[in-house]
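Residue numbers (our numbering): 6 to 71. The structure appears below as structure tokens.
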């Protein structure tokens with residue numbers, strides 16, 4: 006399933022922290038950030054539910070989009 010989030014990841018430093026966090030939390034998922042999008046989109050492709058894990062992280066704020 007594809008999950009899409011609007012995030013506050015808007016710099017290289019935040020991206021580095023978010024990348025480290027997501028690599029640890031979601032080792033079996035594929036994900037990427039689109040920082041050229043005005044909403045700094047995070048897309049995650051995962052066979053398991055990831056919304057809870059991503060929404061409750063301490064590195065960046067995000068909102069799941071439909």
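For each residue, glycine too, the CB sits at the ideal point set by N, CA and C.
DSSP state of residue i mapped onto helix, strand, coil
i          : result
residue 47 : strand
residue 69 : strand
residue 60 : helix
residue 16 : coil
residue 54 : coil
Rounded separation between residue i and residue j - CA only
i          : j          : result
residue 18 : residue 24 : 10 Å
residue 55 : residue 13 : 18 Å
residue 65 : residue 15 : 10 Å
residue 22 : residue 71 : 25 Å
residue 51 : residue 30 : 12 Å
residue 28 : residue 34 : 9 Å
Sub-8 Å separation of residue i and residue j beta-carbons
i          : j          : result
residue 10 : residue 57 : no
residue 38 : residue 26 : no
According to DSSP, residues forming a beta bridge with residue i
i          : result
residue 11 : 68
residue 38 : 47
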